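Enquirer: Mind having a look at this structure? Questions to follow.
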Amino acid sequence: VFGGVARKERRAGERHTCREANPPWEPERGGMSTSGDGQTRLKWTRQLLTRTPSIRNACDLDLMIFLHRHPRTLLTTEQLAGFVGYNLKEIARSLDSFIEAGLLERTAQQSLHAARLFVLLLEQPQAGGMLTLLEQASTREGRKTILEALKTRDSPRPELRVIESIPRATG
Amino acid sequence: MPARDFLKTGISGLDEILAGGIPRGNIILLEGAIGCGKTTLGVEFIYRGISQFNEPGLIVLFEVSPDKIVRDALGFGWDLRELERTNRLRIVFTSREVLRQELQQADSVLLEEAARIGARRIFIDGAAQLATSNGTSETRSAFHVFTEGLHRENLTAALAIEASLYRSGDNGSMPEESIADTVIRLRMEESQRAISRSIEIVKSRGHDYQMGRHTFRMIDGRGLHIYRRVQAPRPASRDRAAAYDPATRISTGVPGLDDLTNGGYFVGSTTVVAGISGVGKSVMGCQFIAEGVRRGERSMMLSLDEQVEQILRNAASVGIDLRAGMERDLVRLEYEPPQEIEVDVHFDHIERLVEEFRPKRVVIDSLSTYGSTLGTHGRVFRDFFHALVALMKEHQIAAIYNHENPEMLGMASMMGDFQMSSLVDNIILMNWSELGDAFRLGLTIAKMRANPVDRITHEVEVINGEGMRVLPRALRVPVDQHPFSSYAGLVARSPERRMLTESPAQRSRAVRSRDKPRQ
Chain G
169 VFGGVARKER RAGERHTCRE ANPPWEPERG GMSTSGDGQT RLKWTRQLLT RTPSIRNACD
229 LDLMIFLHRH PRTLLTTEQL AGFVGYNLKE IARSLDSFIE AGLLERTAQQ SLHAARLFVL
289 LLEQPQAGGM LTLLEQASTR EGRKTILEAL KTRDSPRPEL RVIESIPRAT G
Chain L
-16 MPARDFLKTG ISGLDEILAG GIPRGNIILL EGAIGCGKTT LGVEFIYRGI SQFNEPGLIV
44 LFEVSPDKIV RDALGFGWDL RELERTNRLR IVFTSREVLR QELQQADSVL LEEAARIGAR
104 RIFIDGAAQL ATSNGTSETR SAFHVFTEGL HRENLTAALA IEASLYRSGD NGSMPEESIA
164 DTVIRLRMEE SQRAISRSIE IVKSRGHDYQ MGRHTFRMID GRGLHIYRRV QAPRPASRDR
224 AAAYDPATRI STGVPGLDDL TNGGYFVGST TVVAGISGVG KSVMGCQFIA EGVRRGERSM
284 MLSLDEQVEQ ILRNAASVGI DLRAGMERDL VRLEYEPPQE IEVDVHFDHI ERLVEEFRPK
344 RVVIDSLSTY GSTLGTHGRV FRDFFHALVA LMKEHQIAAI YNHENPEMLG MASMMGDFQM
404 SSLVDNIILM NWSELGDAFR LGLTIAKMRA NPVDRITHEV EVINGEGMRV LPRALRVPVD
464 QHPFSSYAGL VARSPERRML TESPAQRSRA VRSRDKPRQ
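As you go down the protein sequences, you meet chains G and L in turn.
All residue numbers for the first sequence refer to our numbering, where the first residue is 169 and numbers rise by one.
All residue numbers for the second sequence refer to our numbering, where the first residue is -16 and numbers rise by one.
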């Protein structure tokens, strides 16, 4: 529910102002289309990924997409992992990487409750090409290209869990 | 005694039916089936609080993602993203389990977030099952604990709860209702094949409010608008504020008619002109408006039957240039299609027109179309007409209501089903009379409150390019007045003169002889 279907409904350029230039084959709007040369797209995406070093694998990408759609989230890390569809270890690694890059803030762990508030900080200058990347990931084709670019960038690919049912928001 | 602190919702029309707002700190339950508008109401409650009353707010979501809420709000013209940027709004996505725990923690992250922006309002979407779902006493106490957390923070909270049982006509109760201070129920009302939205204040602690189901709409670019139930009694203050003038009259605009009405209609009076189609009711209405223009008085015609261009054309055919009056801002013509009129919305529209344009003369064309749209059975039509009459009287408007009488030559159904004659000050009947091989038009003033009325039928003519006038009653010799006993068929309204050639004594003998049993 919170994956691909909803991603398509996100509107272009609505949220932040520091988005980078559109891909060369789509000067009018951001995002990827089926038109354009596949190799050009892949090359351009690789270049874009060099400016978004915190996106290293599919888990990073999908977690970032989730956080972009839910920029202020109060959940336990387990619940977050359930929503995004990766295992806890991968999610924790991605979260740490975003926090380190200054893209995410997380409240300190309280003793009595495990939920933490995650706040996405994409308006910061360090957000770099992240918004352009998210724009590209808003279509199926664009996401596929990003994943392909990640695969050929020699990043270790995280183990994708087979999710039969995503836990509901009731926690 | 300290003044009570009321919170205005800022939602168009809602504060009016809440008699000014909701006591601050109340827990507000927004309940209704899917698609009733609970989320929109809740988001607008927060948006208006920030934009109109400088009260920052918090939106808590469980199922809908924040970017969808932001996108949908933009359709109503509410830029939530901008409010977030300026630290006046926080939209937090969480789970029910986390929220339940949060509101019981002294060091709640959520409430700390609310405090950071100085939040005064909170909206929690999908609050059902926050406190289990069995409808048991356990539910009640869990919900109570939950609301206590909100009270502690002095937040005025709106909680949206999906309740599928609240479809049209259904009633029921949920444990949350007894704990909440204010319960607002939203419904989708089915009528024939149409659907309309309604809102009802089921309860609201600490103040008065207008009961019953009021209509509401969601308007693109604006948000919610609640239309007060037309049947709801008007505040007494409005009636008291109206300055009644019992003596001033205004001209009818029809040559000869002022003489019959002793100088015209009283201001604030209600006149029904009844007659079959084509008898000249609309012409009379146009002349009434044209007379207003001549005197520099604002006039308005509201038609359910003809569009503005048609009215202008018809008026021009009898020599009346209403367009010139419109250009001088003395005339306003309004057309509303009669299909599926929502009576609360329609009345609100008329009320706003009257308050903005401030006419002295109004023509409504026609009551029969209202009758066929709203139905003459039941109270809707009568209550609507009552509200209309009260509105016109409050603004001291002389109003004419055209009413198409389906009977060609009779008057039995003149008021018939409408049951409104007690509200009407004046009744003018327009009727055809068949004389020789021609129909000629007659006008009778059947009722005129506070005036002597002779109830004589006068001939009227409508001339192309000139309009309507009442012809003088050119009788050279006085007409003999005969007693009722000279006529038969009075009750049947078709009296005929008896040819009386016998004395009363002869007549009674004739009757006795007729009744005598035969041998």
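Think of the CB as a built atom: it goes at the ideal place given N, C-alpha and C, for glycine as much as any other residue.
All of these numbers come straight from a predicted model, not from anything done at the bench.
Applying a beta-carbon distance threshold of less than 8 Å, which residues of chain L neighbour residue 269 of chain G?
Expert: Mapped onto the first sequence, residue 269 of chain G falls at position 101. Neighbours of residue 269 of chain G on chain L: none; closest Cβ ~22 Å, over 8 Å.
Enquirer: DSSP has residue 286 of chain L in a bridge; who is on the other side?
Expert: Here the question's residue 286 of chain L lines up with position 303 in the second sequence. In DSSP, residue 286 of chain L forms a bridge with L:318, L:348.
Enquirer: Would you grab the beta carbon distance between residue 45 of chain L and residue 109 of chain L for me? Rounded to a whole angstrom, and I think it's under 8 Å.
Expert: Within the second sequence, numbered from 1, the residue matching residue 45 of chain L stands at position 62. Within the second sequence, numbered from 1, the residue matching residue 109 of chain L stands at position 126. Their Cβ separation, rounded to whole angstroms, is 5 Å, which keeps residue 45 of chain L and residue 109 of chain L in contact under 8 Å.
Enquirer: How would you label residue 257 of chain L, buried or exposed, when you count the other beta carbons within 10 angstroms and need 16 or more for buried?
Expert: In the second sequence, counting from the first residue as 1, residue 257 of chain L sits at position 274. Residue 257 of chain L comes out buried.
Enquirer: Give me the Cα-Cα distance between residue 104 of chain L and residue 33 of chain L, rounded to the nearest whole angstrom.
Expert: Along the second sequence, read from residue 1 onward, the residue named residue 104 of chain L stands at position 121. Along the second sequence, read from residue 1 onward, the residue named residue 33 of chain L stands at position 50. Roughly 9 Å between the two C-alpha positions.
Enquirer: From this set, L:387, L:291, L:420, L:196, which residue's C-alpha is nearest residue 263 of chain L's C-alpha?
Expert: Position 280 of the second sequence, counted from the start, is the residue given in the question as residue 263 of chain L. It is L:387 whose Cα lies nearest to the Cα of residue 263 of chain L.
Enquirer: List, in chain order, every chain G residue whose beta-carbon is nearer than 8 Å to that of residue 76 of chain L.
Expert: The residue given as residue 76 of chain L occupies position 93 in the second sequence. Chain G residues near residue 76 of chain L: 238, 240, 241, 242, 243.
Enquirer: Starting from residue 415 of chain L, follow its DSSP beta bridges and name the residues at the other end.
Expert: Position 432 of the second sequence, counting from 1, holds the residue named residue 415 of chain L. Answer by DSSP bridge pairing, in chain order: L:424.
Enquirer: For residue 206 of chain L, collect the residues of the same chain with a Cβ closer than 6 Å to its Cβ; drop the 5 residues on either side in sequence, then sort them by chain order.
Expert: As a first step, residue 206 of chain L is located in the second sequence; it is residue number 223 there, counting from the start. Here the set comprises 27, 59.
Enquirer: Let me check one thing: in DSSP terms, what residues is residue 298 of chain G bridge-paired to?
Expert: Taking the first sequence and counting its residues from 1, one reaches residue 298 of chain G at position 130. In DSSP, residue 298 of chain G forms no bridge with anything.
Enquirer: With respect to the alpha helix (DSSP H) encompassing residue 373 of chain L, which residues constitute its N-terminal and C-terminal limits?
Expert: Residue numbering aside, residue 373 of chain L sits at position 390 when the second sequence is read from its first letter. Note, residue 373 of chain L: alpha helix (DSSP H), 363 to 377.
Enquirer: Roughly how many angstroms lie between the CA atoms of residue 378 of chain L and residue 228 of chain L, to the nearest whole one?
Expert: To locate residue 378 of chain L, count along the second sequence from 1; it is residue 395. To locate residue 228 of chain L, count along the second sequence from 1; it is residue 245. If I take the Cα positions, the gap works out to 11 Å.
Enquirer: Look up residue 519 of chain L in the DSSP assignment and say whether it is helix, strand or coil.
Expert: Past the boundaries of the shown model lies residue 519 of chain L; chain L is included only from -16 to 502, so the question cannot be answered.
Enquirer: Taking residue 403 of chain L as the reference, give the member of L:371, L:144, L:427 with the closest Cα.
Expert: Position 420 of the second sequence, counting from 1, holds the residue named residue 403 of chain L. Among L:371, L:144, L:427, the Cα nearest to that of residue 403 of chain L belongs to L:371.
Enquirer: Does any residue of chain G bring its CB to less than 8 Å from the CB of residue 92 of chain L?
Expert: As a working note, residue 92 of chain L is residue 109 in the second sequence. True, the Cβ-Cβ gap to chain G drops below 8 Å.
Enquirer: So the alpha helix (DSSP H) residue 232 of chain G belongs to, where does it begin and stop?
Expert: For the purposes of this step, residue 232 of chain G is taken as the residue at position 64 of the first sequence. It spans 226 to 237 - the alpha helix (DSSP H) in which residue 232 of chain G sits, taken as one unbroken run.
Enquirer: Can you grab the Cα-Cα spacing for the pair residue 427 of chain L / residue 270 of chain L, in whole Å?
Expert: Numbered from 1 along the second sequence, position 444 holds the residue referred to as residue 427 of chain L. Numbered from 1 along the second sequence, position 287 holds the residue referred to as residue 270 of chain L. Going by the C-alpha atoms only, they are around 18 Å apart.
Enquirer: Classify residue 521 of chain L as helix, strand or coil using the three-state DSSP reduction.
Expert: Residue 521 of chain L is absent from the structure shown; chain L starts at -16 and stops at 502.
Enquirer: What residue does the alpha helix (DSSP H) around residue 329 of chain L start on, and which one ends it?
Expert: What you label residue 329 of chain L is simply residue 346 of the second sequence in a count that begins at 1. Note, residue 329 of chain L: alpha helix (DSSP H), 326 to 340.
Enquirer: Residues of the region 37 to 57 of chain L with a CB closer than 9 Å to any CB of chain G: list them in chain order, please.
Expert: If the cut-off is 9 Å between Cβ atoms, the region 37 to 57 of chain L has 43, 44, 45, 46, 48, 49, 50, 51, 53, 54, 57 near chain G.
Enquirer: Quick one, which residues of the region 246 to 258 of chain G are near chain L if we go by CB-CB under 7 Å, in chain order?
Expert: Listed in sequence order: 247.
Enquirer: Going along chain G, which residues have a C-beta under 8 Å from residue 73 of chain L?
Expert: Looking up residue 73 of chain L in the second sequence gives position 90. By Cβ distance, chain G contributes 240.
Enquirer: When DSSP builds the beta bridges, which residues end up paired with residue 254 of chain G?
Expert: Translated into the one-based positions of the first sequence, residue 254 of chain G becomes position 86. According to DSSP, which records beta bridges pairwise, residue 254 of chain G is partnered with nothing at all.
Enquirer: Below 8 Å between beta carbons: does that hold for residue 261 of chain L and residue 348 of chain L?
Expert: Your numbering for residue 261 of chain L matches position 278 in the second sequence. Your numbering for residue 348 of chain L matches position 365 in the second sequence. Not closer than 8 Å, so no.
Enquirer: According to the neighbour-count rule (16 or more other Cβ atoms, all chains shown, within 10 Å of its Cβ), is residue 435 of chain L buried or exposed?
Expert: Residue mapping note: residue 435 of chain L aligns to position 452 of the second sequence, counting from 1. Per the 10 Å Cβ criterion, exposed.
Enquirer: Return the bridge partner residues of residue 382 of chain L from the DSSP annotation.
Expert: In the second sequence, counting from the first residue as 1, residue 382 of chain L sits at position 399. According to DSSP, residue 382 of chain L bridges with L:253, L:345.
Enquirer: Does the distance from the C-beta atom of residue 10 of chain L to that of residue 140 of chain L stay below 8 Å?
Expert: By 1-based counting over the second sequence, the position of residue 10 of chain L is 27. By 1-based counting over the second sequence, the position of residue 140 of chain L is 157. A contact, by the Cβ cut-off of 8 Å.
Enquirer: If you count every other CB in all the chains shown that lies within 10 Å of the CB of residue 21 of chain L, and 16 or more means buried, which is it?
Expert: Here residue 21 of chain L refers to the residue found at position 38 when the second sequence is read from its first residue. So residue 21 of chain L counts as buried.
Enquirer: What would DSSP say about residue 6 of chain L, mapped onto helix, strand or coil?
Expert: The residue you call residue 6 of chain L lines up with position 23 of the second sequence. Three-state DSSP puts residue 6 of chain L in a strand.
Enquirer: In angstroms with no decimal places, state the Cα-to-Cα distance between residue 102 of chain L and residue 288 of chain G.
Expert: Here the question's residue 102 of chain L lines up with position 119 in the second sequence. Here the question's residue 288 of chain G lines up with position 120 in the first sequence. Cα to Cα, residue 102 of chain L sits roughly 21 Å from residue 288 of chain G.
Enquirer: Anyone know if the C-beta pair for residue 423 of chain L and residue 429 of chain L falls short of 8 Å?
Expert: On the second sequence, position 440 is the one that residue 423 of chain L refers to. On the second sequence, position 446 is the one that residue 429 of chain L refers to. No, these two residues do not count as a Cβ contact at 8 Å.
Enquirer: Taking only the alpha-carbon atoms, compute the straight-line gap between residue 173 of chain L and residue 200 of chain L and give it to the nearest angstrom.
Expert: Within the second sequence, numbered from 1, the residue matching residue 173 of chain L stands at position 190. Within the second sequence, numbered from 1, the residue matching residue 200 of chain L stands at position 217. When rounded, the distance between both Cα atoms is 15 Å.
Enquirer: With a Cβ-Cβ cutoff of 8 Å, do residue 100 of chain L and residue 74 of chain L count as a contact?
Expert: Here residue 100 of chain L refers to the residue found at position 117 when the second sequence is read from its first residue. Here residue 74 of chain L refers to the residue found at position 91 when the second sequence is read from its first residue. The answer is no: Cβ separation not under 8 Å.
Enquirer: Taking just the CA atoms, how far does residue 185 of chain L sit from residue 161 of chain L?
Expert: Taking the first residue of the second sequence as position 1, residue 161 of chain L is located at position 178. Taking the first residue of the second sequence as position 1, residue 185 of chain L is located at position 202. C-alpha separation (whole angstroms): 11 Å.
Enquirer: Using the C-alpha atoms, what's the distance from residue 307 of chain L back to residue 31 of chain L?
Expert: In the second sequence, residue 31 of chain L corresponds to position 48, counting from 1. In the second sequence, residue 307 of chain L corresponds to position 324, counting from 1. For residue 31 of chain L and residue 307 of chain L, the distance between alpha carbons rounds to 42 Å.
Enquirer: Determine the DSSP secondary structure at residue 387 of chain L, reduced to helix, strand or coil.
Expert: Taking the second sequence and counting its residues from 1, one reaches residue 387 of chain L at position 404. Here residue 387 of chain L sits in strand by DSSP.
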